[in-house]
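In what follows, a single structure is set out as structure tokens and then discussed.
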Amino acid sequence: GIDLFSYEKLPFDNMWLDMSFNVDHPVSSRSILFDVSSLTFRKEGAILHDPKTFYPFAAQFPIKLKGLVQSTGSDSKVGKGYLNAAMPSEFSGTKDNYYALEYDLSLGTMGGLAPKKAFTAHLLLCWTPQKNYASSGSGENYPAELRMKLPFTGSGGKDMLDIEGVIKLGLEGIQVLPADGAYTIKLRDFGLHILSLTVPPSGTTDIFLFGDPHTGGSALGWYAAYNKDVNNSQFPYSS
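Below, the structure written as structure tokens:
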């Protein structure tokens, strides 16, 4: 199966419950809020699920857990600039109110002929609490998803480089592909756009990111595939 959240045990500190009430009506006016703004995780004592059974996502990529974030509605700043990844059918996505494990994903550098500047993408592994979510009632339907923000992207998330709206380097979507205990992240239809021109002019160029499930996610692999005969609208999973 797909083990998006990966951990059997994940120690944490500084989780708060904020309670407020009117002193004249302490019971009827009582409000309790779950506050994760100061929550931190401890690497010591964290235990991943057994990779022979659960295939934990976090064990296969060079990702660093930063914290837990909470989106409290459509106007929340959490998740701005992130693209929702297309997920397998058992994942139904999240609503405006969700929690997410926040990760940094190291994409490496530009190579030996360029400055040694590392590129980092950001991941949110999101879920909606079950009591706030209405299931479709059709089979397993997990209110969870992956969201990704690539380097240099703006609030829209799709354009990695935008020079005065004339030259744009971007992509059309992101997809999570699980197979045989391993995961691949697909960057769909990656290309360069100059005014009304697109390079390449037809077909699709897809970039695939993958880790080695047997090395504990210590390195990231890349490969790109160009198919001139694929229509840009063909996409196995809905986004």
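In the working numbering, the protein residues as written are 1109 to 1347. Heads up, the beta-carbon is just placed ideally off N, CA and C, and yes, glycines get one too.
Residue i and residue j closer than 8 Å at C-beta
i, j, result
"TYR1190", "MET1123", "no"
"THR1313", "TYR1334", "yes"
"LEU1254", "LEU1209", "no"
"ASP1143", "ASP1126", "yes"
"GLY1278", "TYR1163", "no"
"SER1310", "PRO1170", "no"
Close-in-space but distant-in-sequence residues of the same chain around residue i (CB under 8 Å, 5 per side omitted)
i, result
"ILE1238", "A small fix is needed here, since residue 1238 is Gln in this sequence, not Ile. Closer than 8 Å at Cβ, skipping near neighbours: PRO1251."
"ALA1226", "SER1214, LEU1215, GLY1216, THR1217"
Close-in-space but distant-in-sequence residues of the same chain around residue i (CB under 7 Å, 5 per side omitted)
i, result
"GLY1181", "ASP1204, ASN1205"
"SER1243", "Here the model assigns SER1243 a pLDDT of 46, short of 50, so the residue's position is not dependable and the matter cannot be decided."
"GLN1283", "ALA1193, ALA1194, LYS1294, ARG1296, TYR1345"
"ARG1138", "MET1127, PHE1129"
Option in the options with minimal Cα separation from residue i
i, options, result
"ALA1166", "HIS1133, ASP1143, ASP1111", "ASP1111"
"LYS1276", "VAL1307, PRO1119, HIS1133, SER1200", "VAL1307"
"LEU1056", "SER1310, LEU1147, ALA1229, PHE1227", "Since the first residue of the chain shown is 1109 and the last is 1347, residue 1056 is not available in this structure."
"LEU1233", "GLU1152, GLY1175, ILE1140, LEU1125", "GLY1175"
"ILE1140", "ARG1150, SER1200, SER1128, THR1202", "SER1128"
"HIS1157", "PRO1196, GLY1187, SER1114, LYS1151", "SER1114"
"PRO1286", "SER1197, LEU1305, THR1202", "SER1197"
"PRO1259", "PHE1199, ALA1229, LEU1300", "ALA1229"
Contact set for residue i: own chain, Cβ-Cβ below 6 Å, skip 5 residues either direction
i, result
"LEU1231", "TYR1211, LEU1213, MET1256"
"PHE1318", "THR1292, GLY1329"
"GLY1201", "GLU1253"
Assumed close pair residue i, residue j - CB separation to whole angstroms, cut-off 8 Å
i, j, result
"GLN1178", "TYR1207", "5 Å"
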